[in-house]
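Participant: Sequence lines, in order, name chains A and B.
Quick note on numbering: the working numbering labels position 250 of the first sequence as 261, and the sequence is numbered without any gaps.
Quick note on numbering: the working numbering labels position 334 of the second sequence as 1101, and the sequence is numbered without any gaps.
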Amino acid sequence: MILQVKNPVVEVHDLTVSYDRKPVLWGIDLTLPAGALVGVIGPNGAGKSTLIKAMMNLLPVSSGYVRIFDQPLKQVYSRISYVPQRESVDWDFPASVFDVVLMGRYGQLGLFKRPRKADKDAAMEALEKVGMQGFANRQISQLSGGQQQRVFLARALAQNADIYFMDEPFAGVDIATETAIIQLLRQMRDQGKTVIVVHHDLQSASEYFDWVVLLNMRLVASGPTEQVLNQELLEQTYGGKLTLLSKVGDLLRKQEFPAREKS
Amino acid sequence: MQDFLEFFSFTDANIRYVALGSVLLAASSAVVGCFTLLRKRALVGDAVAHAVLPGVCLAFILSGTKNPFILLIGAFVTGWLSLVVIDFITSRSRIKEDTAIGLVLSVFFGIGILLLTAIQQTGNAAQSGLDKFLFGSAASLIGEDLIAFGVVAVLLLVAVVLFYKELTLLCFDQAYARTIGFPVRGLELLLTTLTVFAVVVGIQAVGVVLMAAMLITPAAAARFWTENLKVMLILAALIGAFSGIAGAFVSYTAPSMPTGPWIVLIVSMIAILSFALAPGRGWIARILRQRRNKTRILEENLLKLLYQLGELRQDYDSARSLEELLERRNIPRKEAISGLQKLKRQGYLQQENKRWLLTPEGEKRGRRVVRLHRLWELYLTQYLNLASDHVHEDAETIEHIITPELEQRLIEELNYPDLDPHSARIP
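1. Quick one, which of G822(B), A915(B), E773(B) and I983(B) has its alpha-carbon nearest I1006(B)'s?
2. For chain B, is any of its Cβ atoms less than 8 angstroms away from the one on Y93(A)?
3. Any C-beta of chain B sitting closer than 8 angstroms to the C-beta of A106(A)?
4. Do we get a CB-CB distance below 8 angstroms when we pair L929(B) with the residues of chain A?
5. Could you tell me the boundaries of the beta strand (DSSP E) in which S74(A) lies?
6. Can G822(B) and A842(B) be called in contact, C-beta distance under 8 angstroms?
7. Listing by chain order, which chain A residues have their CB less than 8 angstroms from the CB of D1156(B)?
8. Classify A780(B) as buried or exposed, calling it buried when 16 or more other Cβ atoms lie within 10 Å of its own Cβ.
9. Taking 6 angstroms as the limit between beta carbons, can you name the residues of its chain near V1153(B), skipping five residues before and five after?
10. Flag K932(B) as yes if its beta-carbon sits less than 8 angstroms from any beta-carbon of chain A, otherwise no.
11. By the three-class DSSP mapping on this structure, what secondary structure does V184(A) have?
12. If I'm right that L1181(B) touches Q1149(B) with Cβ under 8 angstroms, what's the distance once you round it to whole angstroms?
13. DSSP state of I1168(B), grouped into three classes?
14. Looking at chain B, is there any beta carbon in it that lies within less than 8 angstroms of the beta carbon of R125(A)?
15. Against Q194(A), what residues of chain B qualify as contacts under a CB-to-CB distance less than 7 angstroms, listed in chain order?
16. Write down every uninterrupted run of the beta strand (DSSP E) in the segment 1105 to 1162 of chain B whose length is 3 residues or greater and which is fully enclosed by it, in chain order.
17. Rounded to a whole number of angstroms, what is the C-alpha to C-alpha distance between T1170(B) and R116(A)?
18. Roughly how many whole angstroms lie between the Cα atoms of R1059(B) and P1046(B)?
19. So, with DSSP's three-state summary, where would you put D25(A)?
20. At the level of alpha carbons, what is the spacing between R90(A) and A172(A)?
21. Just to confirm the assignment, what range does the beta strand (DSSP E) spanning N227(A) have?
22. Near I837(B), which residues of its chain fall below 6 angstroms by C-beta distance, leaving aside the five closest residues on each side in sequence?
23. Less than 8 angstroms between CB atoms is the rule here; does Y88(A) satisfy it with respect to chain B?
24. Have a look at V998(B) and R859(B) and give me their C-alpha separation to the nearest angstrom.
25. For a test of the three-state rule: what should DSSP assign to K832(B), helix, strand or coil?
26. Is I947(B) close to chain A? Criterion is C-beta to C-beta, closer than 8 angstroms.
27. For G953(B), does the three-state DSSP call read helix, strand or coil?
28. According to DSSP, K33(A) sits in a beta bridge with which residue or residues?
29. Got a sec? Which residues, its chain only, sit under 6 angstroms from G183(A) by beta carbon, not counting five neighbours each side?
30. Going by Cα to Cα distance, which pick from C824(B), L872(B) and V851(B) is closest to L883(B)?
31. Determine the chain A residues that contact T993(B) at a beta-carbon separation under 9 angstroms, and present them in chain order.
32. Please report how far the alpha carbon of Y931(B) lies from the alpha carbon of V951(B), in whole angstroms.
33. Is the CB of L69(A) under 8 angstroms away from at least one CB in chain B?
34. So what does A232(A) bridge to, in DSSP terms?
35. State yes or no: is the beta carbon of M177(A) nearer than 8 angstroms to at least one beta carbon in chain B?
36. Please check if any C-beta of chain B sits within less than 8 angstroms of the C-beta of V100(A).
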């Protein structure tokens, strides 16, 4: 059940990503529709975050390419926004909540230029959207997990992008934050934005997303939630690892083989 | 003392130059060091500092002069080369970065010492003073040297101001910087180049062996005092400048004394003091915080005891003796007495011939602690399914830290309960 769409906002073609020559994602072919709230779902080690990072050009790919709005990523930086995993940064950095949210405006500002008043307004507005306006001057080292996640979200909102890539925004946050975030994501979708979310909780997936991508080292399914979240496909995703696949991957690493003959 | 006055009156032009030079060098390397520290690449500075030595020696051998510009170029080339080698080793082999840094540092420094010894044995008269690069000599910062090193130092400061926004983002969240289209490779290159330059200009004053301390220590000390990056940069610059000028003074009064060790000792003293004294992050502040917590626990326990005795006897208005209290709870006698005295001073207790009585305020506070204890016990049994005989110990600690807001939420979630798991009434 892999449904390809016409005029996709995101097109992933034959994408293989390896760590230390061992492929963790094999030949992903994927298209995503505009204006959808997309969940990327799969077990631990399935390569969910890897897929997002490869889409964001943060990892070298062994094969394939990614196009966003039918253009390579480099052409569309101003239209995309990435929310990394909360743990990917050191929160003991000397900065305030407002400083971090203001970083969302850096892309539009470009090099050298200092944030203008309008950028500060935009940052404050983004903070209000996530309900953190009272925390603007708080040190980021004093935030709880849920608050950190909201700050990252506000930073992405301040970018005013058309498509959002979020890596585990619901991991380790309290229930109030989770509800607030999902409401916000729905609002964004209703405004025509596309939101792609790496998600680990199968329970809430059917309720949250309109489109689901099932992943376990390879693409298992991609399609509207009600067609994808069924017993058979979930078993394929979660049931038994493809041991042969990872054995071959190990072999590639040990023998220092390339994943493609020509790259 | 006379030396001190002579130096710090800055009447002598030479002294002015030396002081100005030391301040500039130390401040600029401290500012760049802040970003190196926040990027968690403190060790890299050390490697660069050691790797600069062979460059200085080679430049001297090839040119035969001690022209500071030429030596600077030599230093820059090998300093930079060391970073390239570290990157190459880390990406092309299974050797981890810390090992690569160790390898590169010692190999480059070894070559440097080899070259230096070779130069000294040629008997070339021009070579005298080259060994100052090992441990630094601030007093020789005059004339051409000062101009060369000063210009680079000023350029460093300008670059940091110009790229403040970009460097900050690079250090905080590199992946994000890439997704908004920042030239991350270029910025990394910039920061690396700044680090190499900071090291190169600092070696005249501090020497290659101890240069890393000049890069990192002011930043580490400044971090203790502030949570604001701009303030941190300024503080680091001030700390660097202070130790720089102190080093220049030492170098002036005792010209044969190497300056580097002195500067490093002074800046390390400042770092240790910061570590101990800084509010919030400092060591003493933490000890005080823990002691405050301990007294608070003791006081609240005493109030709780008195309240519980009142509850037990159904009589809150008679005074209790110390023995009655200690019978119910094992508190060291001396601690208990001082705690009771303090509570009396604070107006929570009254004393009636060696017996203790809660004032209305004391009763209120004691009742609150008992209430929190029982609420928490109830919460643990209901929400965590703990057995009712396992919840007491937990509640003993939690009762002291629950805030009024949390208390309100607790009461709501438990649906305004009357009894705790042991069927005691929740007051």
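Idealized CB from N, CA, C, for every residue including glycine.
Facilitator: In short, the structure shows the following:
1. Per the C-alpha coordinates, the member of G822(B), A915(B), E773(B) and I983(B) positioned closest to I1006(B) is I983(B).
2. At least one chain B Cβ lies under 8 angstroms of Y93(A).
3. It does: the Cβ of A106(A) has a partner Cβ on chain B nearer than 8 angstroms.
4. With 8 angstroms as the cut-off, L929(B) counts as an interface residue toward chain A.
5. From DSSP, the beta strand (DSSP E) with S74(A) extends over S74 to I79.
6. Going by C-beta atoms, G822(B) is nearer than 8 angstroms to A842(B).
7. What D1156(B) touches in chain A: nothing, since even the nearest Cβ is about 30 angstroms away.
8. It counts as exposed.
9. The question names Val, yet the displayed sequence has Leu at residue 1153(B). Result list for L1153(B): L1147, in chain order.
10. Closer than 8 angstroms to some Cβ of chain A, the Cβ of K932(B) qualifies, so yes.
11. The answer is coil: DSSP assigns V184(A) none of H, G, I, E or B.
12. Their Cβ separation, rounded to whole angstroms, is 7 angstroms, which keeps L1181(B) and Q1149(B) in contact under 8 angstroms.
13. Reduced to three states, the DSSP call for I1168(B) is coil.
14. Interface residue, yes.
15. Contact annotation for Q194(A) against chain B: no contact, minimum CB-CB distance about 21 angstroms [criterion: below 7 angstroms].
16. Qualifying beta strand (DSSP E) stretches, in chain order: 1116 to 1119 and 1122 to 1125.
17. Going from the Cα of T1170(B) to the Cα of R116(A) covers about 37 angstroms.
18. R1059(B) and P1046(B): Cα-Cα distance of roughly 15 angstroms.
19. Note: D25(A) maps to strand in three-state DSSP.
20. Answer to the nearest angstrom: the Cα atoms are 4 angstroms apart.
21. Looking at the DSSP string, the run of the beta strand (DSSP E) that includes N227(A) is W222 to N227.
22. Contacts found: A826 and S830.
23. Yes, contact with chain B.
24. The alpha-carbon atoms of V998(B) and R859(B) are separated by roughly 39 angstroms.
25. It is worth fixing the name first, because residue 832(B) is Thr in this sequence and not Lys. In the three-state DSSP reduction, T832(B) falls in the coil class, being neither helix nor strand.
26. For I947(B), a Cβ of chain A is located within less than 8 angstroms of the residue's own Cβ.
27. Here DSSP, grouped into helix, strand and coil, assigns G953(B) to helix.
28. DSSP output for K33(A) lists Y30(A) as bridge partner(s).
29. Only G156 meet the Cβ criterion.
30. Ranked by how close their Cα comes to the Cα of L883(B), the residues C824(B), L872(B) and V851(B) have C824(B) in first place.
31. Correct list: P105.
32. Y931(B) and V951(B): Cα-Cα distance of roughly 14 angstroms.
33. The beta-carbon of L69(A) is placed less than 8 angstroms from the nearest beta-carbon of chain B.
34. When beta bridges are read from the DSSP output, A232(A) appears opposite L225(A).
35. M177(A) does not count as touching chain B.
36. Closer than 8 angstroms to some Cβ of chain B, the Cβ of V100(A) qualifies, so yes.
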